[in-house]
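Going by my numbering, the residue at position 61 of the sequence shown is 61; the numbering climbs one at a time, nothing skipped.
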Amino acid sequence: MVDKLKIAQNWLPRYTGSKIDDLGDYILLTNFKNYVTAFAEKFNCEIKGEGGAMQSATNSDGLSIINFGIGSPNAALIMDLLLARNPKGVLFLGKCGGLKEASEIGNFILPIAAIRGEGTTNDYFPPEVPALPSFKLHKFVSEKIKEAGEDYRTGVIYTTNRRLWEHDKAFLKKLKKTTAIGIDMEVATIFIGGHYNEIARGALLLVSDVPTTPDGIKTEESDKKVTSKWAEKHLDIGIKSMTEIEQSGERIKHFRY
């Protein structure tokens, strides 16, 4: 198997537990097993890949959700593997740390771009290539957020490969200089991976903590509170966005270069 597509076709079912043809044209990506569980319970569908690296589920409308795990390398892996399915659109439902007073806990963020601080994407494009979403997809998601009676922020996300950085004062100073609205570990990789593999992509982030202040650093207890209060809404907006964009016949074109 020297061809990338053939490798992806062989590996996608192995990682997700789902046959290629069983995955939908539109896919939700997440880091959280409980999002997949909630999705399966909502639509009474089977969770595939239990006990494996990733879990997936697909409802009767042909919408799929995949928990690909945490971090930039896993984000790159799933975006490469999805080449086998060639979905019409992918939306990442993730959490991020807020870096601005305007991005307090519980806010939704639709990133207009992401800073490639993770390093993984250097294997795909030169560093000067920006990590951008598919704006037509984001426009549709923004409409669903407003219909749900919620507000959202836009801005740039800083994506890092570091999980434990809150103690690093030099890194915190660097973050301030970037003027990023939030920090995460996957968005830039998903955007670049989508660009590289010609997959329309977006991200709807939930601010789960404010890591630039000692009292705002995420703990197990604080994360449970955020999940219980906002995760259901987060998932619901994602489901409606990717279901109704399919029903509307909205086509998201990827321009080749």
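Every residue, glycine too, gets a C-beta built ideally from N, C-alpha and C.
Nothing here was measured: the structure is a model prediction, and the numbers come from that model.
CA nearest to the CA of residue i, picked from the options
i	options	result
lysine 218	Gly89, Asp209, Gly119	Asp209
glutamate 101	Gly202, Ala8, Val207, Ala203	Val207
isoleucine 246	Phe140, Ala40, Pro13	Per the sequence shown, residue 246 should be read as glutamate rather than isoleucine. Answer by Cα proximity: Phe140.
glycine 155	Phe191, Ala114, Ile145	Ala114
leucine 235	Leu12, Ile27, Tyr15, Pro13	Ile27
glycine 193	Ile183, Asp123, Thr227	Asp123
lysine 224	Leu29, Asn34, Gln9	Asn34
glutamate 150	Thr213, Leu81, Ile237	Ile237
For residue i, the residue or residues it bridges with in DSSP
i	result
serine 64	Ile27, Thr58
valine 90	Ile27, Arg201
glycine 98	Gly182
leucine 206	Lys95, Phe108
tyrosine 158	Ile115, Ile183
alanine 131	Ala114
lysine 48	Ser56
Assigned secondary structure, residue i (DSSP; H/G/I helix, E/B strand, else coil)
i	result
glycine 69	coil
glycine 182	strand
phenylalanine 108	strand
serine 222	helix
arginine 153	strand
arginine 85	coil
arginine 163	coil
lysine 19	coil
Through-space distance from residue j to residue i, alpha-carbon basis
i	j	result
alanine 231	valine 36	12 Å
leucine 5	alanine 84	6 Å
histidine 167	glycine 97	14 Å
methionine 79	threonine 121	12 Å
glutamate 41	arginine 162	33 Å
glutamate 50	glutamate 186	22 Å
phenylalanine 108	glutamine 9	34 Å
histidine 195	aspartate 184	19 Å
Whole-number beta carbon distance between residue j and residue i, since they are thought to touch under 8 Å
i	j	result
tyrosine 152	leucine 110	5 Å
glycine 24	serine 60	Contact doesn't hold; Cβ gap of about 10 Å is too wide.
threonine 17	serine 56	Note that residue 17 corresponds to glycine in the displayed sequence, not to threonine. About 6 Å separates the two Cβ atoms, so the contact holds.
valine 129	arginine 201	Incorrect: roughly 15 Å between the Cβ atoms, too far for contact.
lysine 95	leucine 205	7 Å
alanine 131	alanine 188	4 Å
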